[in-house]
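Asks: Submitted below is the structure of interest, expressed as structure tokens.
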Amino acid sequence: MNRIGAAIVIALCWAQSASADTGFSTENASALLRKLSVEIGPRPMGSPAEREALEFAAAKLREYGCDTSYVLPMTQTSAVNTSSGVAVGILRGKTGRMIVLGGHIDSAGPEIPGANDDGSGSAVVLEAARVLAGRELESTIVFALFGGEEQGLEGSEFFVKRFEPLDSVVMMLQVDMASGLGTLIMDPNSHGPSAPAWLVRATVEEFENLAYSGLVYPLHYFGWNYSLPSGSGSDHEPFLRAGIPAIDFTTDIDDPIHTQRDTYQNFDPAGLKRSGDLVIRLVERFDGGTPDRTTADYWLYLLPGYPLILPIPAIWAFIILSPLLGLFVLVRLRRSHLVLKATEGYVERKWTSVKFWLISVISVALGWMTPDLIGFLKALRFPWYAHLEYYYVPSILASVFGLLAGARLASALKISASPYVLFKRSFIILVLLTFLAAAVGVKIAVAPALCLVLLSVGMLLRWPVPATLAALLAPIWLFRLFFSEADSLLFRFTAPQLPATTGLILAINAGWIVVLSVLVVSWLPGAAAVIRRRENPWTFIGAVKARRFMVITAGLYGISILLLLVVPSYERPWYPRVQIEQIDLPGVADDTVSVRGSEYLTDAVIRHGSVDTLIGKRTLRYVGRIGFADDTRWLDVTREVTPRVADSSTAYDVLLGLRTPFRPYTVSVFYSSARGNPTQIATALRTRSSAGGTKISWYSFPDTLITLPARFLVAAGDTLREEITVTFDSLMAPVDFRYRESDVTRRTVVREMRFYPGPEAKAGGEGTR
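This is how it looks when you write it as structure tokens:
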């Protein structure tokens, strides 16, 4: 009997395993990823490498069984001229109803292999094409690998505008990174509408059915990100804006994306099958049709295995009701406060708000400046770069110490003991924060509204323990707005952009301390009111004020600082960034070479010519002079200019030729009038106009010969100014740079300026520099 039961269990497990197997092969996907990120390598938009990757993808889609495959060319984007496109494969089903599977094939720069972002997503889409080509499907499946995602979703925007049967597309699934088996981020949002609720629920259900773990929805980060006019996103967004249900799947953003360490060697292939299985299951689920072809707007919170989806009117109701609940509590407190004021011996305490503000600033400043203290001790700018998560421990301990010190100072500062006076301070600030946040985006307004609700509930509860717990939990979501699920990504990518000037750094830190202090002071008086409201609060307050807690906190803080002094600040895969740039100005004998680091260039050595230069300590930039040989000039410019005078303007017919010995990384030509008057331009090329003039740009790696035909119109008596900037991804003059292990980019920038002569001078004359 036991054997029979065991056999049944084994059979059920085998059946479940068999049903979970979609046919997706990690080995095949890994081989595709190796081809894209190692053999082809970095693939910035418009580069020959991106073109090779697009053609490889189209060939693979044809090989795997797509009835049609091609590269849809994209020669212009919203900002630049390029040579990019979208690799498209169409697998015909029994109907014309279409489901799009997408990923982006470009990488973020010429030094960035883009293995995870998003060679992995492209590999998943290609392998999914192989799997689905062996099925009989009702729907037609469109596989799309977009160029130009890193430049602002350019490829997917172009596809949505140019793909003729777009009206037949009922759903779009995007895979943007598929590394490891850590978290898998579900993103149904855009800077506009979101995916319908049925697609979110289906995603969670199929993920659970596959028995994977790690599906997350970064509520706090997405709340900010999609409430602002622009922010991070992926290629599902243009589909959502076109009214097509779409969703994106992205793996752990703590991986070194957008850096030179986004390599095949640093990539964990375990996540390829998870993402592939999920999109294949969703295709199978909706192969027979989708519930509707609409988008939606809602508030989403992902519970374990269950998406809590609330309509936006319900969120507005919560936001409106939270001040009403707080007002109800305030009215009740005021009655008892008036009774208290009528008693003999009552003393009115003044400046209570200022005193709480002082305590808040002290607490926040101690926590916020702790990484700077460690950086000072280690002589580093960003000591937390490789291990950001460790630095939360001493920062939190420092802030708690500040609050404990504030509790001890409360008596000396003569802060009011009235719950009404205390709660009123928090009520006013939180109501203001709630409606200010709602003006930006209703979804982020939930955080201050929830803080007010929990403080109000704490005031209403009769039992000290749950009331105190509600008060302590109240600010968590409020702080998560600024310390969100993506803070490691945001901190690591914004920190190197910070200025080197001490005054500016102090000003930035002071600004953040003020912002975070506002959050603390919005909560702290209310929490104090909850504690003082209880029948016997003094035991708790006395414990908090006890000196031993301060000593323990200070001791733990010191230990954590000592431990972090021996933790490496930079190690695989997180290293400092260094840019070496040479500036060539034709006609100048000695040009400029500069070295800029995100971290201090302490003990770095640069050699140009026969001279070794040791860069000083705590220095972020070195600038020197370097001579270029005449035969190393990398830009040859030819011009044909014909000026013509009209009644109130001068027209310039320009034929500009730019020739380089090899492909430049970027090219831009800026035209403006010499006197700052508006100019008009007529050309078939993509242009960007501003009040200062018109820019014509190429990205990336255009041909070695560029021809720019255009007609310009300026005011009579004015002349036309031309500024050419050509950037190469290598150095014109040899430079040897020795430093700690770091991510180094090398650029040579050639600049040339001319003023076109007016009709009274010889057409095509030299002009001046």
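At position 659 of the sequence shown (counting the first as 1) the number is 758 in our numbering, and the numbers step up by one without a gap.
Just so it is clear, CB atoms sit at the ideal spot from N, CA and C, and this is done for glycine as well.
Could you give the first and the last residue of the continuous beta strand (DSSP E) run that contains N71?
Replies: Because the chain spans 100 through 868 in this model, residue 71 falls outside it and cannot be assessed.
Asks: Kindly indicate which three-state DSSP category D334 falls into: helix, strand or coil?
Replies: Reduced to three states, the DSSP call for D334 is coil.
Asks: By DSSP, does I714 sit in helix, in strand, or in coil?
Replies: coil
Asks: Count the C-beta pairs between the stretch 834-845 and the stretch 694-706 that are closer than 8 Å, then say yes if the count reaches three, no if not.
Replies: Cβ pair count under 8 Å is three or more, so yes.
Asks: Quick check on the burial criterion: 16 or more other C-beta atoms within 10 angstroms. Buried or exposed for A310?
Replies: exposed
Asks: Could you tell me which whole alpha helix (DSSP H) segments of length 4 or greater appear in the stretch 645-706?
Replies: Within the stretch 645-706, the complete alpha helix (DSSP H) runs of at least 4 residues are 646-665.
Asks: Which residue wins for smallest C-alpha separation from I714, given the options G726, R732 and R695?
Replies: R695
Asks: Mind checking who Y770 pairs with in its DSSP beta bridge?
Replies: T793 and E821
Asks: Here's a check: name, in chain order, each residue in its chain whose Cβ is nearer than 6 Å to the Cβ of P470, leaving out the five neighbours to either side.
Replies: W483 and Y490
Asks: Is it buried or exposed, P390, if we count other Cβ atoms within 10 angstroms and call 16 or more buried?
Replies: exposed
Asks: Can the beta-carbon of Y163 be found closer than 7 Å to that of A228?
Replies: yes
Asks: How would you call I805, buried or exposed, if buried means at least 16 neighbouring beta carbons within 10 angstroms?
Replies: Around the beta carbon of I805, a 10 Å sphere encloses 16 or more other beta carbons of the protein chains shown; the residue is thus reported as buried.
Asks: Using 10 angstroms around the beta-carbon of D711, count the other beta-carbons present and answer buried if the total reaches 16, otherwise exposed.
Replies: exposed
Asks: Quick check: M173 and G184, are their CB atoms within less than 7 Å of each other?
Replies: Taking 7 Å as the cut-off, the Cβ atoms of M173 and G184 count as close.
Asks: Would you call the stretch 344-358 in contact with the stretch 610-625, where contact means no fewer than 3 C-beta pairs closer than 8 Å?
Replies: no
Asks: Does I795 pass the burial test, meaning 16 or more other C-beta atoms within 10 Å, or should it be called exposed?
Replies: buried
Asks: Please name the residue in A781, F827, A809 and A790 whose C-alpha comes closest to that of F761.
Replies: Per the Cα distances, F827.
Asks: So what's S788 in DSSP terms, helix, strand or just coil?
Replies: strand
Asks: In the structure shown, what three-state DSSP assignment does V241 receive?
Replies: strand
Asks: Distance, Cα to Cα, G792 vs I419?
Replies: 48 Å
Asks: Could you tell me the boundaries of the beta strand (DSSP E) in which V744 lies?
Replies: D735 to V744
Asks: Quick check: what's the CA-CA separation for R845 versus L472?
Replies: Put simply, the backbone Cα of R845 is about 32 Å away from that of L472.
Asks: Could you round the C-beta distance between R156 and A186 to whole angstroms and report it? I think they count as a contact, below 8 Å.
Replies: The identity of residue 156 in the sequence shown is Ala, whereas the question assumes Arg. That pair is a contact at about 4 Å.
Asks: Using 8 Å as the threshold, is the stretch 605-614 in touch with the stretch 494-513, meaning 3 or more CB pairs across them?
Replies: no
Asks: Can you tell me where the beta strand (DSSP E) with R850 in it begins and where it stops?
Replies: DSSP places R850 inside the beta strand (DSSP E), whose first and last residues are D842 to Y855.
Asks: Name, in chain order, the residues that DSSP records as bridge partners for Q359.
Replies: DSSP output for Q359 lists no bridge partner at all.
Asks: Identify, in the order they occur along the chain, each residue of the same chain with its Cβ nearer than 6 Å to the Cβ of S129, setting aside the five sequence neighbours on each side.
Replies: P368
Asks: From S168, P212 and G218, pick the residue whose C-alpha is nearest to that of L132; which is it?
Replies: Selection S168, P212 and G218 evaluated against L132 yields G218 as nearest (Cα-Cα).
Asks: Taking 6 Å as the cut-off, is the beta-carbon of R229 closer than that to any non-hydrogen atom of the ligand MN?
Replies: No copy of the ligand MN occurs in the structure displayed, which carries no ligand at all.
Asks: Whole angstroms is fine: what's the gap from E263's alpha carbon to V428's?
Replies: 59 Å
Asks: Compare the beta carbon distance of P892 and P295 with 7 Å and say whether it is the shorter of the two.
Replies: Because the chain is modelled from 100 through 868, residue 892 falls outside the range shown and cannot be assessed.
Asks: Go ahead and pull the three-state DSSP assignment for P482.
Replies: Looking at P482 - three-state DSSP - the assignment turns out to be coil, as it is neither helix nor strand.
Asks: Name, in chain order, the residues that DSSP records as bridge partners for T826.
Replies: T765 and V848
Asks: Going by C-alpha distance, which of S668, A594 and W450 is nearest S515?
Replies: Nearest option by C-alpha distance: W450.
Asks: Who are the Cβ neighbours of S693 in its own chain at under 6 Å, not counting the five residues just before and after it?
Replies: E680 and V722
Asks: Do you know whose CA, among E248, T194 and Q596, lies nearest S267's CA?
Replies: T194
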